Amino acid sequence: MTNPLTTLPVPVVQAPMAGGPSTPALAVAVARAGGLGMLAAGYKTARAMADEIREVAGHTDRFGVNLFVPERDPSDPAALAAYARALAPAAAELGVPAPEPGEYVDDEYPAKLDHLTAHPVPLVSFTFGLPTAADVARLREAGSAVVLNATDEREVEAAARLHPDAIVVQGSEAGGHRATHGQAAEPQDVTTADLLSAARELTDIPLVAAGGVAGRGAAADLRARGAAAVQVGTLFLAAAEAGTKPAHRGALLSGEHEGTVVTRAFSGRPARALRNRFTERMAGEQVAGYPQVHYMTAPLRAASVDDAAGLNLWAGTGFAACRDTTAADVVELFRGL
Ligand SMILES: Cc1cc2nc3c(=O)[nH]c(=O)nc-3n(C[C@H](O)[C@H](O)[C@H](O)COP(=O)(O)O)c2cc1C
């Protein structure tokens, strides 16, 4: 089996972006331009994941699917109840029912794995933790490359012990959720470049560098430090083929936002977003409450769909480089590196 990550015409992976931005059209456009397109299975049913795979597989085999590993660290019911109370005033202002902590849900992870084993795709990546060795083995036997995420040296070592085809090293600049292997961990403040260099010392497994890659210069530096490819999220959020909400896209392109913040306010897991009214309002109330907090804030986010002040505006530190463009133009930035 050839490793799809070390044979890319252009060494760029379009980050899987759950919650709407990742679309089959985005994955196909990236693949056609020479990068690796990724589908985000997180928050979707196994059936919806299967439908998207069918759509993309009709056009390209340069793609992969990303799964959320079930949470290792359970949420504390008392902390969830306290967060529900803290959300109540914001919910009332928006005219949505007072939030209540729901049950833990596993994102249909077992059904997704079963589907991917029975109907293999070229590559499967995992975030929020590590799959079991048995699940890695069955996916590889089915013919898929397996890619794991890590946010610090300890996680790189843990990922390497599973002998994946590549490890995504995600530095603190990254937009969206940090990929920490348990929600209780406070993510390390290590840059993508430093984490990549440290990881290069620890393992010979191909490394994909993610976080704050805002253009060709940053990518060239990461390639020189030994990255097989870069994984880019934020720049693709403004691409025409992305399913990014208009208010999110507008905020990224407006040039008006001062900066980003790492917050648990939207989902209970640390994630980097543009600072806005919601992140400021909830700054003192953060709990490790994934995935229940994600579902508690869902009605508030839905009621704020046109209001950037109340949305989860995921963004990496390089968001100012976002342009109103196409996925192919973003891929082109990285050609020849
Ligand atoms: C909107 C958004 C959604 C994301 N969703 C996922 C996801 O579903 N799975 C995943 O592994 N990473 C996800 N990430 C993280 C990316 O894989 C990647 O680490 C990050 O985008 C890289 O940093 P950058 O945004 O500065 O390019 C997401 C990032 C963003 C911006």
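In the working numbering, the protein residues as written are -6 to 330.
In this text, a Cβ means the ideal position worked out from N, Cα and C, and glycines have one as well.
Computed from a prediction, not measured in an experiment: that's the story for all the values here.
Taking its Cβ as the centre, do 16 or more other Cβ atoms sit within 10 Å of T290, making it buried, or is it exposed?
What you label residue 290 is simply residue 297 of the sequence shown in a count that begins at 1. So T290 counts as buried.
Measure the C-alpha to C-alpha separation of G27 and L228 and round it to an integer number of angstroms.
Taking the first residue of the sequence shown as 1, we reach residue 27 at position 34. Taking the first residue of the sequence shown as 1, we reach residue 228 at position 235. So the two alpha carbons sit approximately 16 Å from each other.
To the nearest angstrom, report how far apart R171 and A222 are at their CA atoms.
Counting from one through the sequence shown, the residue named residue 171 turns up at place 178. Counting from one through the sequence shown, the residue named residue 222 turns up at place 229. Cα to Cα, R171 sits roughly 19 Å from A222.
Determine the burial state of D100: buried for a count of at least 16 other Cβ atoms within 10 Å of its Cβ, exposed for fewer.
Along the sequence shown, read from residue 1 onward, the residue named residue 100 stands at position 107. By the 10 Å Cβ count, D100 comes out buried.
Helix or strand or just coil, what does DSSP make of A130?
Position 137 of the sequence shown, counted from the start, is the residue given in the question as residue 130. Note: A130 maps to helix in three-state DSSP.
Answer yes or no: do F121 and Q176 have a C-beta to C-beta separation smaller than 9 Å?
Against the sequence shown, residue 121 aligns to sequence position 128. Against the sequence shown, residue 176 aligns to sequence position 183. Cβ distance < 9 Å, so F121 and Q176 count as in contact.
For the alpha helix (DSSP H) that contains F229, what are its first and last residues?
Indexing the sequence shown from 1 puts residue 229 at position 236. Start and end: 227 to 230.
Please name the residue in L267, A211, L116 whose C-alpha comes closest to that of P(-3).
On the sequence shown, residue -3 is found 4 positions in, with the first residue counted as 1. That would be L116, whose Cα lies nearest to the Cα of P(-3).
Okay, do the region 45 to 54 and the region 15 to 23 touch, 3+ Cβ pairs below 8 Å being the bar?
Segments in contact, yes.
Is A178 near ligand 1, going by C-beta to nearest heavy atom under 8 Å?
Looking up residue 178 in the sequence shown gives position 185. No, the Cβ of A178 stays beyond 8 Å of every heavy atom of ligand 1.
Am I right that V21 and V225 are in contact with their C-beta atoms under 8 Å? What's the rounded C-beta distance?
Here residue 21 is taken as the residue at index 28 of the sequence shown, counted from 1. Here residue 225 is taken as the residue at index 232 of the sequence shown, counted from 1. Going by Cβ atoms, the distance from V21 to V225 rounds to 17 Å, so no, they are not a contact pair.
For the region 241 to 251 against the region 272 to 289, are there 3 or more C-beta pairs whose distance is under 8 Å?
As far as the Cβ criterion goes, the region 241 to 251 does not touch the region 272 to 289, which means the pair count is below three.
May I have the straight-line CA-CA distance separating S137 from T125, to the nearest angstrom?
Start at 1 with the first residue of the sequence shown, and residue 137 comes out as number 144. Start at 1 with the first residue of the sequence shown, and residue 125 comes out as number 132. Cα to Cα, the separation comes out at about 15 Å.
Of the residues R242, R78, A220, which one's Cα is nearest the Cα of L230?
Walking along the sequence shown from the start, residue 230 turns up at place 237. With distances taken between Cα atoms, L230 lies closest to R242.
Can you tell me whether DSSP reads L(-2) as helix, strand or coil?
Stepping through the sequence shown from its first residue, residue -2 is reached at position 5. Coil at L(-2), not helix or strand.
Does DSSP put A104 in a helix, in a strand, or in coil?
Translated into the one-based positions of the sequence shown, residue 104 becomes position 111. Looking at A104 - three-state DSSP - the assignment turns out to be helix.
With three or more C-beta pairs closer than 8 Å as the rule, is the region 143 to 150 touching the region 181 to 188?
Yes: the two stretches touch, three or more of their Cβ pairs being nearer than 8 Å.
Pull up the distance between the alpha-carbon of V162 and that of A314, whole angstroms please.
The residue you call residue 162 lines up with position 169 of the sequence shown. The residue you call residue 314 lines up with position 321 of the sequence shown. V162 and A314: Cα-Cα distance of roughly 21 Å.
Buried or exposed: E273, going by 16 or more other Cβ atoms within 10 Å of its Cβ?
Reading the sequence shown from its first residue, position 280 is the one you call residue 273. By the 10 Å Cβ count, E273 comes out exposed.
Answer yes or no: the CB of G208 versus the heavy atoms of ligand 1, is any distance below 8 Å?
Sequence index remark: in the sequence shown, residue 208 carries index 215 (1-based). Not under cutoff, so the answer is no.
Can F61 be considered in contact with ligand 1, in the sense that its beta carbon sits closer than 8 Å to one or more heavy atoms?
On the sequence shown, residue 61 is found 68 positions in, with the first residue counted as 1. Checking the Cβ of F61 against ligand 1 gives yes.
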